[in-house]
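The numbering of the sequence shown is full-length UniProt numbering, which starts it at 1 and goes up by one. Just so you know, even glycine gets a beta-carbon here, dropped at the ideal spot from N, CA and C. Here's the structure we're looking at; comments come further down.
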Amino acid sequence: MTLASLTRQTAAGRVKTGRTVDKWKVFRDASEARELLGLQDRTLAVLHALLSFHPESELRPCGQLIVFPSNALLARRAHGIAGATLRRHLALLVETGLIIRKDSANGKRYARRDNAGEIGTAFGFDLSPLLSRADELASLAQQVASDRAALRHVKEDLTICRRNVRKLISAAIGEGAPGEWAAFEEAYVAVLSHMTRSPSLDEIRKILRELTLLQEEILKRLQQLDNTENLGTSDAHDEHHLQDSKPESPNESEHAARSEMGRRPDRASLRPTLPLKAFPLELVLRACPQIISYGSGQGIRRWRELVEASIIVRSMLGITASTYQSACDTMGTENAATIVACILERSEQINSPGAYLRDLTTRTRRGEFSLGPMITALLRQRGGGLPSSPVAQPRPS
């Protein structure tokens, strides 16, 4: 035994007066922290067997904390492990400072009892380190639980990011969008190739950072394409406007005037076109929670983040950039993003999201569409409803 082990055992043997702990609670904490303590499953089985020889359910400083089973009894309670294996794991428990050997003169384990039959002196394994280190073991177990939760969360974030990048690239290729999408695909595969079968928390975080940067580059490229397409659409519209602005001949003007006078206006043309009422972001996310998983980083907390997520979703749903931009021009960017979020919620019922959005855009131009019923229906499906705040009241259609 090394000097460090002796020092650790001496310190572990100092038990605070009045300190009482549940022995199985301490065992569970030690089991949770097994990797930090360097324990194996067989080692924990031996520790469990040692605790089973302690007659009480609690470890108390004033109680008898020394157990003295023979190797045969101990091996039987440790699921019948071999003698050499038992000795090796007992030595590991001593080395890690969870138990202390208290040897008799001849090295045997036994107890001396007084006339009343009470144990006076015992030789065997002292469990007092478990009592003195109970807080430390609980802290280690909590650390392991926190690390496990963090690992689970970062794995979920990585899964979402992988899905988003994969769908963005597939949608861009499927739409025939210009760009080096093969290079993006190679970069995506290269990042994931560094992942091992059982990656650590730090390794997953590193891969997530790299994929997040790749996703931002793809989004930037898609936004550039959207801006380019919008500029081309605007130029075409201006050219069409200039052509319509050319002076007409007298005959053409007279013919157009007679046609206009003879045409009866329909009800839709007489209806005033008003801007759609915007709903609070919190209400939109309550009605459409699926889009939150497409937000970058910490979810969606601002309208800008919802708009960015809607760009991802519209590509995934097969909505073209021109259709989406037309909706933004007609309804407003925030309302268009809200409708994309609503379409995502009902994607299983909507056969053609692009055609559906074009229809809503046309109805909005005619003054025949309001966001209120759509959001209300989704809220009712989730057991919620519209608040009575004037901001959230939809415009009557």
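- Kindly give me the distance between the Cβ atoms of I169 and I218, rounded to whole angstroms, as I take these residues to be in contact under 8 Å. As a working mapping, residue 169 is identified with position 169 in the sequence shown. As a working mapping, residue 218 is identified with position 218 in the sequence shown. Contact flag correct, Cβ pair sits at about 7 Å.
- Message: Less than 8 Å between the beta carbons of L344 and V313, yes or no?
- Response: Stepping through the sequence shown from its first residue, residue 344 is reached at position 344. Stepping through the sequence shown from its first residue, residue 313 is reached at position 313. Going by C-beta atoms, L344 is nearer than 8 Å to V313.
- Query: What residues are listed by DSSP as bridge partners for K102?
  - Reply: If you number the sequence shown from 1, residue 102 lands on position 102. BP columns for K102 point to G124.
- Meets three-Cβ-pair contact criterion under 8 Å: the segment 153 to 167 and the segment 52 to 61: no
- In chain order, what residues of the same chain have a beta carbon less than 8 Å from the beta carbon of D266, not counting five sequence neighbours either side? Stepping through the sequence shown from its first residue, residue 266 is reached at position 266. Low confidence applies to D266: its pLDDT is 46, below 50, so where it sits in the model is not reliable enough to give any reading.
- Message: Considering Cα atoms alone, identify which of P289, R148 and A111 is closest to I375.
- Response: Taking the first residue of the sequence shown as 1, we reach residue 375 at position 375. Answer by Cα proximity: P289.
- Message: So for A33, helix, strand or coil by DSSP?
- Response: Taking the sequence shown and counting its residues from 1, the one referred to as residue 33 is at position 33. Coil, per DSSP.
- Task: Tell me whether C161 is buried or exposed, calling it buried when 16 or more other Cβ atoms sit within 10 Å of its Cβ.
- Result: If you number the sequence shown from 1, residue 161 lands on position 161. Buried: at least 16 other Cβ atoms inside 10 Å.
- Query: Who pairs with A337 in a beta bridge, going by DSSP?
  - Reply: Position 337 of the sequence shown, counted from the first residue, corresponds to residue 337. Answer is none; A337 lacks a bridge partner.
- Message: Using a Cβ-Cβ cutoff of less than 8 Å, which residues in the same chain neighbour I204 once the five nearest sequence positions on both sides are dropped?
- Response: The count along the sequence shown starts at 1 and reaches residue 204 at position 204. If we look at I204 and ignore the five residues flanking it on each side, its Cβ neighbours are L151, V154, K155, L158 and M195.
- Expected contact under 8 Å - CB spacing of L137 and A33 to nearest Å: What you label residue 137 is simply residue 137 of the sequence shown in a count that begins at 1. What you label residue 33 is simply residue 33 of the sequence shown in a count that begins at 1. Right, the Cβ-Cβ distance comes to about 6 Å (below 8 Å), so this counts as a contact.
- Message: Let's see if you can read the secondary structure: which residues bound the beta strand (DSSP E) around R113?
- Response: In the sequence shown, residue 113 corresponds to position 113, counting from 1. R113 -> beta strand (DSSP E) spans Y110 to R113.
- Buried or exposed: Y294, going by 16 or more other Cβ atoms within 10 Å of its Cβ? Reading the sequence shown from its first residue, position 294 is the one you call residue 294. The residue in question, Y294, is buried, as its Cβ has 16 or more Cβ neighbours within 10 Å.
- Quick one, are the C-beta atoms of residue 442 and Q224 less than 8 Å apart? Given that the chain is displayed from residue 1 to residue 397, the structure contains no residue 442 and the question cannot be resolved.
- Task: Give me the Cβ distance between L74 and A49, rounded to the nearest whole Å; I'm assuming they're in contact under 8 Å.
- Result: Here the question's residue 74 lines up with position 74 in the sequence shown. Here the question's residue 49 lines up with position 49 in the sequence shown. Indeed they touch by this definition, with Cβ atoms about 6 Å apart.
- Message: For L211 and R148, I'd like the C-alpha separation in whole angstroms.
- Response: Your numbering for residue 211 matches position 211 in the sequence shown. Your numbering for residue 148 matches position 148 in the sequence shown. L211 and R148: Cα-Cα distance of roughly 22 Å.
- Reference H89, options N71, D103, K102 and S104, closest by Cα: Locating residue 89 in the sequence shown gives position 89, where the first residue counts as 1. Checking every option, the nearest Cα to that of H89 belongs to N71.
- Message: By alpha-carbon positions, which one of T362, F125 and R77 ends up nearest to E95?
- Response: As a first step, residue 95 is located in the sequence shown; it is residue number 95 there, counting from the start. Of the listed residues, the one whose Cα sits closest to E95 is F125.
- Query: How about M316 and T364: do their beta carbons lie closer than 8 Å?
  - Reply: Position 316 of the sequence shown, counting from 1, holds the residue named residue 316. Position 364 of the sequence shown, counting from 1, holds the residue named residue 364. Taking 8 Å as the Cβ cut-off, M316 and T364 do not qualify as a contacting pair.
- Message: Using a Cβ-Cβ cutoff of less than 7 Å, which residues in the same chain neighbour A141 once the five nearest sequence positions on both sides are dropped?
- Response: Here residue 141 refers to the residue found at position 141 when the sequence shown is read from its first residue. Around A141: D29, E32 and A33.
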